[in-house]
Structures are given as structure tokens and as C-alpha cells.
Amino acid sequence: MKTTTSTSILFFILLHLFLLLSCHRPNFASAAGGKWNLLMSNIGISAMHMQLINNDKVVIFDRTDFGHSNISLPDGKCRYDPNDTTLQIDCTAHSVEYNIVTNSIRPLMVQTDVWCSSGAVFPDGSLVQTGGFNDGEKVVRVFKPCNGNNTCDWQEIQGGLAQRRWYATNHILPDGTQIVIGGRRAFNYEFYPKPASAYKAYSLPFLVQTNDPKIENNLYPFVFLNVDGNLFIFANNRAILFDYTKNVVVKNYPQIPGGDPRSYPSTGSAVLLPLKNLQTQQIQAEVLVCGGAPKGSYISAQNGKFLAALSTCGRIRITDPNPQWTMENMPLARTMGDMLILPNGNVLIINGAATGTAGWELGRDPVLKPVIYRPDNPFGSRFEIQNPSTIPRMYHSTATLLRDGRVLIAGSNPHIYYNFTGVLFPTELSLEAFSPSYLDPESEYLRPQIISPASQFTIGYGQRVPVRFKVSGWVNRNLVTVTMVAPGFNTHSFTQNQRLLVLASENVKLVGEKAYQINVVTPNSATLAPPGYYLLFVVHQDIPSEGIWVKIQ
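Residues 138 to 690 in our numbering are what the sequence shown lists, from first letter to last.
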């Protein structure tokens, strides 16, 4: 009897210790869900840049000086470029348009070199893309979506930029124009289109202060439009709040703890977390920066030593009077990972490597498992590991959210040219879709289906909009939200211009058989939601509907 009692006491002590320790370590749920589908094994090019546009097609391009691609230009067309460093006469395409509905590819003609360029979508739905390498460094290219035909193609504007832009970042501003920030040896910014009286670039000393001349590790800076109209700009390991209208730094943020660089070529990623409470005076904005490579990784990898990638994320409320970073640990260390905001406000972290850094042949150990980050969960329980892909997505990989809630994944070419044999990571021409667990068939009965308004609906600022939807199962009316997502321009592990807003809403009402209505109020200013096309989703119990296109103006 005494032995049994002692054993029981010991058991309960050990159980208590186990539970106590469990409460003080991060809770990483493993292989929780998500499915992969190979859409096409060969799209003809390696997808270095990607943008979803409002006709449900995705514009994809790489660089023109890779040599021949694996897809020909149509109708016997050829590109004649005496400045090209590889092929002056090239009859293959280096840009394609992917049709999501038909799962097909159409080759496009891009003339000048778009290598490591940047872009954003204008309010009219046109993709405006800037800069690149060699003869493309000052070029602006415009792709206007065409509906009902396949005649649209790139239009190029020589000398559209005042400064050469290579590895720059773009963002749409409240007036609908585009700001272009930084690039290699470009410590300045400019606007497109240009004001008639100001065809020039403006100095930004912050880009000099964050530059390491040996590595240039402040490229593709992370840029977000804050709710006060200023720009949050993060480069290397520091950030500022910048008033671009006056060329004044409004605030210097603390250095991210640890001091390791996060922007290219260390190549972490960043998102502006969902914006909520849009009708109040207390709108808060938070930025999340994850992964990257520690100091010295780039030079070390060039010498054959591949350091472990960073496993930390820094989160900062950029609207606080005294903002401070909060650090969290990811379950998987990652450099060259992409971060995308999903329609339900969660963040998908996908692609990349566990060791090394960005650059030709400088990454190792592909990270095949995506991770979901749930920003509203308690600290320590926000990360959830997803099911793995079988295809390494290393340097020059891309990802973008689609209207149906899937994530399109493509690219990976860590070589100076296309190289398919005799290398660790062959050039990847395939196209995949990752379906988060909210698309599982088991959740179908909870998934909303938007009845009205119809897609391509135009809305104004501060407008009350009734949204009707159906759900086949029982609806928890307290767990219905409506979100608006601005699809971004993705390249080099950063999605430029990405943004999600949770719309203010009234109570959900039953209006018919399995039909409901929720009245929402659109953002009240272009500072919160710059004009243009967004995807609007109804989200029920964390499960989003298929989105509809709305244009806010």
C-alpha cells in the first residue's frame, strides 16, 4: 500500500513538472495540413517575378540574359537586343502569362533586361514594372490586362526612371502613383509617373547608413504604407518611418535584436499584419520580419561554408509612441522564404533554405515544409508546420495568393544560366499550388460562397456595402469577417504592396435559405487602402470564401 502511494505521488510530481515545462516552450504543431498539386511541369521559364492581375491571370518573368528559355515567342517573333550580354537575337520568351482558369501559358515579349526588377499594380489594373539590369535599368514596362483576347503584351518606356534601379522596392501611394526606393548603389527614391516639374530622384541617407559596401545587404528594402500616410522602410537590420512628401525621417525604430541583417542578400521576408478597427481613431499597424541569414553568411558561403539561417521573427507595432521589437522563434530556420498574407489574416511562410544565403549557388538544405503563423494566437503558440513539397524552391523562387485561396509557387534557379543537370538544385520550370488546410474537403460545409456583389464591383471610400453569402452548414454569426487583400508583386522573397484589411461590419442576418447578409464599411481613406483592385473574401470560422475582385476609388 505504501509503495503504491509513493508511486502515485511520484507520478503526479512528474506529470506536474512535464505540464509546467510544456507551458514554457513554444507550441509548434507539426504537419498540420495543406496539400500540394503540380499544375505544370514546364512553363518555359524560371519564375523570378510574379504578379496576380484582376483578370485572374498571373504575369511571370525571369531575366532576358539567361540565354534561351524553354518556350518560343509566338508567330516567329524574335527579340533583337545588341546590348544583351548573352544573346543578341533571341526567339524565346522570358515572360509568360499564366491563365489560372485554363491552367495554360501564353508567351509574352519583354525586350529589355528585367533581372532583379520591381513593380506594383496601378489603380487601373495595369502592372507597372520598373528597372532591371544593363539596358533595362532605367526602363518602365507596362502590362495592361486584356479580357476576352490574347493580344496584350508588355509596352516599354525607355528612360522612364531618373536613376538606375536594380534590386529596388516599389509601393503604391494614396494618390495612386508609385514610389520606387533604393537598388544597388541607388541611395535615393523617385516617383512614377513623374510630376512634370520634378523629373528627378531624391536622396535617402538611410540607405547609405544601412549599406555595407562589401555586401550591399540593404537591397529590396521592406516597405509598407503606415496608417498615418508615412512609409515604414526596413533595410539591413534597421527601420525608419519616412515622410516622403517632405523627405523627412519621422521616427527611427530600434535595431532588430541580435543585429543580424534581414534584407537581401541575407533575404528574410516581411509582412504588414492585418489592419483592423478601420473606423476608429486607434488603428494599429504591426510589421513582422522573419528569417534571413546571420552576419557574415554571404562571404562565408562564397568560401564554401554555409551558416545556419536565422530562426527568429521580429514583430513591432509601428504606430506605438515607443515601439519595441518582440522576438519569436520559428520551428524551422529559413532564408529566402516568402511570406504571404492569407485571406483569413494568417501568414504563410514558404520556400527557401536552412543554410547559406541568397546568391548564385550560395544556399543549401532546402526547407520543404511551409509554416502557418497565426498572429492572433497567444505568444508561443503561433506557428504551425504544414505538409512538405517535394520540389526545392531556392534562390529566385516566387509565390502569390490566388483568388480561390490557393498559393501559386514557382521558380528556383540559383545558377547564372539555366542548368538542369550535374548541379545540386537544377533550374526549376514547374508550377505548383499549395492549398492551405482551409481548402480541405472536410471544411466545405463551413465555407462561404459570395452571392453578391458580383466580381469586378467598384466601391468608394467609407461606403456601406451589403455582402450576401451562402454556407451549406450551420453558421456561427460571431465568427464571420470580411477581408480585402491587395495582391502584391513577388520577387526575391518579398511581396511588394501586399496588404490585408479587416472591414468594419454589422451583425450577420439570415436573408434566405442558407443565405446571409453582412453589411460592411469600406476603408475611409486611400491612406488605409490605396486605390486599385483588391480581393474581397468572406471568412467564416477561419475558412475563406473564394474571393471577388473589387476596385476601390
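The beta-carbon is built from N, C-alpha and C at its ideal position, and this holds for glycine as well.
**OP:** Measure from the alpha carbon of T229 to the alpha carbon of each residue in N220, A257, P244 and Y235, then state which is nearest.
**Re:** Residue mapping note: residue 229 aligns to position 92 of the sequence shown, counting from 1. Answer by Cα proximity: P244.
Original post:
When the cut-off is 8 Å and only beta carbons count, does T417 lie next to chain C?
Top reply: Of the chains in the structure shown, none is chain C; there is only one protein chain.
**OP:** Answer yes if the stretch 584 to 592 comes into contact with the stretch 260 to 276, meaning at least three C-beta pairs across the two stretches below 8 Å, and no otherwise.
**Re:** no
**OP:** Just the C-alpha distance for Y339 and Y326, rounded to the nearest angstrom, thanks.
**Re:** Taking the first residue of the sequence shown as 1, we reach residue 339 at position 202. Taking the first residue of the sequence shown as 1, we reach residue 326 at position 189. Whole-angstrom Cα-Cα distance: 5 Å.
**OP:** Buried or exposed for P350, please, with buried defined as at least 16 other CB atoms from any protein chain shown within 10 angstroms of its CB.
**Re:** Your numbering for residue 350 matches position 213 in the sequence shown. P350 comes out exposed.
**OP:** Leaving aside the five residues before and after D193 along the sequence, list all residues of the same chain whose C-beta is less than 7 Å from its C-beta, in chain order.
**Re:** Counting from 1 along the sequence shown, the entry for residue 193 is found at position 56. Excluding sequence neighbours, D193 sits near I237, V238 and R540.
Subject >> DSSP state of I436 mapped onto helix, strand, coil >> reply: Locating residue 436 in the sequence shown gives position 299, where the first residue counts as 1. Three-state result, I436: helix.
**OP:** Using alpha carbons as the reference points, say which of I377, T382 and P668 lies closest to I393.
**Re:** As a working note, residue 393 is residue 256 in the sequence shown. The candidate whose alpha carbon is nearest that of I393 is I377.
Subject >> Backbone CA spacing between I197 and K688 [nearest angstrom] >> reply: By one-based count along the sequence shown, residue 197 stands at place 60. By one-based count along the sequence shown, residue 688 stands at place 551. The straight-line gap from Cα to Cα measures roughly 23 Å.
Original post:
What residue from Q295, V277 and I352 has the CA that sits closest to Q315's CA?
Top reply: Locating residue 315 in the sequence shown gives position 178, counting from the first residue. Ranking Q295, V277 and I352 by Cα distance to Q315 puts V277 first.
Original post:
Is T659 buried or exposed, if buried means 16 or more other CB atoms sit within 10 Å of its CB?
Top reply: Sequence index remark: in the sequence shown, residue 659 carries index 522 (1-based). The residue in question, T659, is buried, as its Cβ has 16 or more Cβ neighbours within 10 Å.
Original post:
Over what stretch of residues does the alpha helix (DSSP H) that includes V345 continue unbroken?
Top reply: Within the sequence shown, numbered from 1, the residue matching residue 345 stands at position 208. Taken as a continuous stretch (DSSP letters only), the alpha helix (DSSP H) holding V345 covers P342 to Q346.
Subject >> P282 and G262 closer than 8 Å at C-beta >> reply: Counting from one through the sequence shown, the residue named residue 282 turns up at place 145. Counting from one through the sequence shown, the residue named residue 262 turns up at place 125. For P282 and G262, yes; Cβs fall inside 8 Å.
**OP:** Report back the beta-carbon spacing between R501 and F443 to the nearest angstrom; my notes put them in contact at under 8 Å.
**Re:** The count along the sequence shown starts at 1 and reaches residue 501 at position 364. The count along the sequence shown starts at 1 and reaches residue 443 at position 306. Rounded, the Cβ-Cβ distance is 5 Å, consistent with contact.
**OP:** State the start and end residues of the unbroken beta strand (DSSP E) segment that holds L538.
**Re:** Your numbering for residue 538 matches position 401 in the sequence shown. S534 to L538 is the extent of the beta strand (DSSP E) around L538.
**OP:** Would you mind giving the Cβ-Cβ distance between I318 and P358, rounded to the nearest angstrom? I have them listed as a contact below 8 Å.
**Re:** To locate residue 318, count along the sequence shown from 1; it is residue 181. To locate residue 358, count along the sequence shown from 1; it is residue 221. Contact holds; Cβ gap of about 6 Å.
Original post:
What residue from S580, F328 and D679 has the CA that sits closest to A305's CA?
Top reply: Position 168 of the sequence shown holds residue 305. Checked all of S580, F328 and D679; the closest Cα to A305 is F328.
Original post:
Using CA coordinates, which residue listed in T494, N514, L224 and G489 is at the minimum distance from P503?
Top reply: In the sequence shown, residue 503 corresponds to position 366, counting from 1. Selected option, being the one with the closest Cα: G489.
**OP:** Taking K194 as part of the beta strand (DSSP E), name the residues at either end of that continuous run.
**Re:** Walking along the sequence shown from the start, residue 194 turns up at place 57. It spans K194 to F198 - the beta strand (DSSP E) in which K194 sits, taken as one unbroken run.
Subject >> Close beta carbons around T595, own chain, < 6 Å, minus the five adjacent residues each side >> reply: One-based indexing of the sequence shown puts residue 595 at position 458. These residues qualify, in order along the chain: K688.
Original post:
Between D679 and the ligand HEM, is the CB less than 7 Å from at least one heavy atom?
Top reply: Judged by which ligands are present, the structure shown has none, so any question about the ligand HEM falls away.
**OP:** Starting from D475, trace the beta strand (DSSP E) both ways and give me its first and last residue.
**Re:** For this step, residue 475 is matched to residue 338 along the sequence shown. Here the beta strand (DSSP E) through D475 covers D475 to I478.
**OP:** Tell me whether P398 sits in a helix, a strand or coil according to DSSP, three-state version.
**Re:** Locating residue 398 in the sequence shown gives position 261, counting from the first residue. Looking at P398 - three-state DSSP - the assignment turns out to be coil, as it is neither helix nor strand.
Original post:
With burial defined as no fewer than 16 other Cβ atoms inside 10 Å of the residue's Cβ, what is the status of M464: buried or exposed?
Top reply: Here residue 464 refers to the residue found at position 327 when the sequence shown is read from its first residue. Counting Cβ neighbours within 10 Å, M464 comes out exposed, since fewer than 16 surround it.
Original post:
What are the start and end residues of the beta strand (DSSP E) that includes T449?
Top reply: Along the sequence shown, read from residue 1 onward, the residue named residue 449 stands at position 312. Element bounds for T449: T449 to R454.
Original post:
Quick one: what's got a C-beta closer than 6 Å to A422's C-beta in the same chain, skipping five residues either side?
Top reply: Numbered from 1 along the sequence shown, position 285 holds the residue referred to as residue 422. Only N363, V364, I455 and T456 meet the Cβ criterion.
**OP:** Using beta-carbon positions only, say whether V544 and F571 come within less than 8 Å of one another.
**Re:** Taking the first residue of the sequence shown as position 1, residue 544 is located at position 407. Taking the first residue of the sequence shown as position 1, residue 571 is located at position 434. Yes, Cβ-Cβ distance for V544 and F571 is below 8 Å.
**OP:** Go ahead and pull the three-state DSSP assignment for P668.
**Re:** In the sequence shown, counting from the first residue as 1, residue 668 sits at position 531. In this structure, P668 counts as coil in the three-state DSSP scheme.
**OP:** May I ask which residues mark the beginning and end of the beta strand (DSSP E) holding L264?
**Re:** Locating residue 264 in the sequence shown gives position 127, where the first residue counts as 1. Element bounds for L264: L264 to T267.
Original post:
When the distance is taken between beta carbons, is P260 closer than 8 Å to G669?
Top reply: Walking along the sequence shown from the start, residue 669 turns up at place 532. Walking along the sequence shown from the start, residue 260 turns up at place 123. Yes.
Original post:
If you run the structure through DSSP and keep just helix, strand and coil, what is G181?
Top reply: Stepping through the sequence shown from its first residue, residue 181 is reached at position 44. G181: coil per DSSP, three-state reduction.
Original post:
Relative to the C-alpha of A663, which residue among G599, H629, F674 and I655 is closest?
Top reply: The residue given as residue 663 occupies position 526 in the sequence shown. Answer by Cα proximity: G599.
Subject >> Per-residue burial, Y739 [other beta carbons within 10 Å of its own, 16 or more giving buried] >> reply: The chain is shown from 138 up to 690; residue 739 falls before or after that span and cannot be answered.
Original post:
Just how far apart, CA to CA, sit H205 and S183?
Top reply: In the sequence shown, residue 205 corresponds to position 68, counting from 1. In the sequence shown, residue 183 corresponds to position 46, counting from 1. Going from the Cα of H205 to the Cα of S183 covers about 12 Å.
**OP:** Report yes if the CB atom of V387 is closer than 8 Å to the CB atom of N367, and no otherwise.
**Re:** Taking the first residue of the sequence shown as position 1, residue 387 is located at position 250. Taking the first residue of the sequence shown as position 1, residue 367 is located at position 230. Contact flag set, yes.
Original post:
Do you know offhand how far C160's Cα is from M467's?
Top reply: By one-based count along the sequence shown, residue 160 stands at place 23. By one-based count along the sequence shown, residue 467 stands at place 330. With a pLDDT of 34 at C160, under the threshold of 50, the modelled position of that residue is not reliable, and no figure is offered here.
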